[in-house]
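In this note's numbering, the protein residues as written are 8 to 546.
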Amino acid sequence: MRAIQNELGDKVRREEEIEELRELIIKAKMPKNIEEKALQELARLRSTPTAMAESSIIKTYLDFLVALPWHEQSEDSNDLVAVKEALDKNYYGLEKVKERILEYLAVKIMTNKNPQTILCLVGPPGVGKTSLAISIAEALNRKFVKASLGGVRDESEIRGHRRTYIGALPGRILNGMKTAQTVNPVFLLDEIDKMASDYKGDPASAMLEVLDPEQNANFSDHYLEEPYDLSQVLFITTANYLENIPAPLRDRMEIVELSSYTEHEKYEIAIRHLIPKQLEAHGLKEEQFKLDSNVIYYIIQHYTREAGVRELNRYIGSLIRKSIKEILISKKEFVHITKDNVEEYLGKPKFVHNELEKVERVGVVTGLAYTQYGGDTLPVEVTYYKGKGQLVLTGKLGDVMKESAQTALSYVKANAEKFDINPDLFKENDVHIHVPEGAIPKDGPSAGITIATAIYSALSNRVVRNEVGMTGEITLRGLVLPIGGLKEKSIAAHRSGLKKILIPKENLRDLDEIPNEVKESLEIIAVETVDEVFKNAIK
């Protein structure tokens, strides 16, 4: 009797579950084709015994269908002024990015439709790409979801597994939509340049359908088996290096570059955002902690070397923690941190602030480089000694830089008589080019004229002006080719105390990007040929 009752009880419970699911499916207001499929699966569930594995697979699938948003929308904020104020309050600088977001919203208000835009925020670590995406969601009054793509190497992470496999799961995109519970969230695809591919498939190719405005209205997930409309989602992607994003994927996105911050911008960010946030996080009142403004600059220059403000934020947090300890142990009312006592709290400075050469030397030229920390100065040293005319390169140089060195040497060799250099010097001596800080890999097409100037200076025994920095690539005919990252490089020159920088003539179009405070303190000279470089750099 007990066995019969249990069996009947299970049947009643199962019927109740199936009826509940039917109600939820109808309530979800799915598109007609998907609703029909869901009801078919429900009929299969009813006829499948509970003991079979198939039963739980169908039940999981139906639960997922019901949990997905099909028509729920969040109401966008249509007050452009309020959005502008919110972005200005949360972010100092980044004018281009803020302008682009306001344009997006303005078009939406005008057309009453979602502009199909995929924004890609590209910039070094710590400049605020992820937090900017969160701010965009808050400003637009939308739900925010994030999927981290770093190290994703399996196509099924994006498209999901087919339901024939045991343990099949939907992809990250539909999982994100399920979390958002609306059809128009701000969806952040973080670190899109870090996706890898292997024998399991190429996730970057699977992303093409997600990020193509022409296709994503019918996004196909293997698990769902039916098209899902992603056209109302505002996709935002982030990347550190634009070059690492596959070209077809880059073509579908609107690139917005966030470059590294100037020292003044870092100072403003620290005053407006970092210090108040850290004080609040550590429960310290404003009147209990005083930090001199020159201390912030000192920390930026001597304790951090970064494009963003993450490290600066950590040091401010460290100062506040040490201050709290002092207040509680020594019963002080407040802690005042000055340039004289900052080392007691943070220890010895980590970095020697890259300053220009104190003495003008032969064969040493200051180049400007673009690194993962933003811009930096890069001294290039050249010497020669008795040998067989070989070229020796040291300093962990990449292939592009090795080729630049070869080209620079060939140019000086070919024009030896013009530069009053004895051609026999090349036959009887080895030329050694060294770029210090050997542990740091260095590559990129911008050191050609720097190396050429150092070779010319060493072989002609003429001194290089120490207040001049330069960037540009060289051709065998002595022409100066354009480079990238001019803003970061000019900021580095300004920070290092250089007075004059030489840039390729074609880069004059990029002068608008350089902050005014940098332009005012630097003499920027555009050069077209290597001869002009020598004229300006060598005494």
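Glycine included, C-beta positions come from ideal geometry on N, C-alpha and C.
Neighbour-count burial assignment, E261, 16 or more Cβ in a 10 Å radius: E261 sits exposed, since fewer than 16 C-beta atoms from the chains shown fall within 10 Å of its C-beta.
V540 to H439 span [Cα, whole Å]: The C-alpha of V540 lies about 21 Å from the C-alpha of H439.
What would DSSP say about G476, mapped onto helix, strand or coil? G476: strand per DSSP, three-state reduction.
If I measure Cβ to Cβ from G394 and keep anything under 8 Å in the same chain, skipping five residues before and after, which residues do I get? Within the same chain, Cβ atoms closer than 8 Å to the Cβ of G394 are found at E435, N436, D437, the five residues on either side in sequence being excluded.
Contacts around L181, its chain only, beta-carbon distance under 6 Å, and the 5 residues preceding and following it disregarded: Closer than 6 Å at Cβ, skipping near neighbours: D228.
Write down every uninterrupted run of the beta strand (DSSP E) in the stretch 314-353 whose length is 3 residues or greater and which is fully enclosed by it, in chain order. Qualifying beta strand (DSSP E) stretches, in chain order: 342-344.
By the three-class DSSP mapping on this structure, what secondary structure does D538 have? In this structure, DSSP gives D538 a helical state, which the three-state scheme calls helix.
Whose CA, out of V129, N191, S142, lies closest to the CA of Y2? In the structure as shown, the chain starts at 8 and stops at 546, and residue 2 therefore has no counterpart that could be examined.
Have a look at V349 and M117 and give me their C-alpha separation to the nearest angstrom. Between V349 and M117, the C-alpha separation is close to 53 Å.
Do you know whose CA, among E333, T55, F71, lies nearest K185's CA? For K185, the nearest C-alpha among the options comes from F71.
Roughly how many whole angstroms lie between the Cα atoms of D406 and A376? Their Cα atoms are separated by approximately 16 Å.
Can you name the residues that DSSP bridges to A144? Note: A144 sits in no beta bridge, so no partner.
Can you grab the Cα-Cα spacing for the pair L515 / A533, in whole Å? So the alpha carbons of these two residues sit roughly 7 Å apart.
At least 3 beta-carbon pairs within less than 8 Å: the stretch 43-50 vs the stretch 150-169: Using a Cβ-Cβ distance cut-off of 8 Å, the stretch 43-50 and the stretch 150-169 are not in contact, since fewer than three pairs of beta carbons, one from each stretch, lie closer than that value.
Can you tell me which of V193, T457, Y463 puts its alpha carbon nearest to the alpha carbon of K420? For K420, the closest of V193, T457, Y463 by C-alpha to C-alpha distance is Y463.
List in chain order: all unbroken alpha helix (DSSP H) runs of 4+ residues lying wholly within the stretch 164-224. DSSP runs (the alpha helix (DSSP H)) wholly in the stretch 164-224: 179-187, 210-218.
How many angstroms separate the CA atom of T55 from the CA atom of K39? Rounded to the nearest whole angstrom, the CA to CA distance from T55 to K39 is 24 Å.
Flag this pair as touching only if the stretch 269-283 and the stretch 311-329 have three or more C-beta atom pairs under 8 Å; answer yes or no. Flag = yes, the stretch 269-283 and the stretch 311-329 touch.
Mind reading off the beta-carbon distance from N191 to R149? Whole number of angstroms is fine, and I expect it under 8 Å. Indeed they touch by this definition, with Cβ atoms about 6 Å apart.
Measuring CA to CA, which of L466, P430, Y418, K425 is closest to G455? If we check each option's Cα against that of G455, Y418 comes out closest.
Which runs of the alpha helix (DSSP H), 4 residues or longer, sit entirely within the stretch 449-527? If we require 4 residues or more, the alpha helix (DSSP H) runs fully inside the stretch 449-527 come out as 455-467, 493-503.
Between T401, R484, G382, L404, which lies nearest to T478 when the distance is taken from Cα to Cα? In this structure, G382 is the residue among T401, R484, G382, L404 with its C-alpha nearest to the C-alpha of T478.
In whole angstroms, what is the alpha-carbon distance linking E232 and G133? About 39 Å.
Return the chain-ordered list of same chain residues with a C-beta closer than 8 Å to the C-beta of K297, the five sequence neighbours on each side being excluded. Result list for K297: F341, V342, H343, I344, in chain order.
Are there 16 or more other CB atoms within 10 angstroms of the CB of H501, so buried, or fewer, so exposed? Looking at its Cβ environment, which holds 16 or more other Cβ atoms inside 10 Å, H501 is buried.
Do P535 and L486 have their C-beta atoms within less than 9 Å of each other? Looking at the sequence shown, residue 535 is not Pro but Glu. Their beta carbons are under 9 Å apart, which means E535 touches L486 by this criterion.
Compute the Euclidean distance between the alpha carbons of R257 and M202, then round it to the nearest angstrom. Annotation: R257 to M202 spans about 13 Å, alpha carbon to alpha carbon.
To which residues does DSSP link Q227 through a beta bridge? It is worth fixing the name first, because residue 227 is Ser in this sequence and not Gln. Beta-bridge pairing links S227 to P234.
CB contact flag (N468, T373, <9 Å): No, they are not a contact pair.
Under 9 Å, do Q188 and E79 count as touching if we go by C-beta distance? Result yes, Cβ atoms of Q188 and E79 sit closer than 9 Å.
Who does L400 pair with in a DSSP beta bridge? Note: L400 sits in a beta bridge opposite I440.
Report, in whole angstroms, the separation of the C-beta atoms of K346 and Y305, which I expect to be a contact under 8 Å. That belief holds up - the Cβ atoms of K346 and Y305 are roughly 6 Å apart, short of 8 Å.
I need the DSSP call for Y305, collapsed to helix, strand or coil. Y305 falls in the helix class under three-state DSSP.
Check whether I334 and Q295 have beta carbons under 9 Å apart: Judged by their CB atoms, I334 and Q295 are nearer to each other than the 9 Å cut-off.
For the stretch 135-147 against the stretch 98-113, do three or more pairs of beta-carbon atoms, one drawn from each stretch, fall closer than 8 Å, so that the two count as touching? As far as the Cβ criterion goes, the stretch 135-147 touches the stretch 98-113, which means the pair count is three or higher.
Ordered along the chain, which non-local residues of its own chain (more than five positions away) have a Cβ less than 8 Å from that of E547? For the chain, the structure presents residues 8 to 546; residue 547 sits outside this window and is missing.
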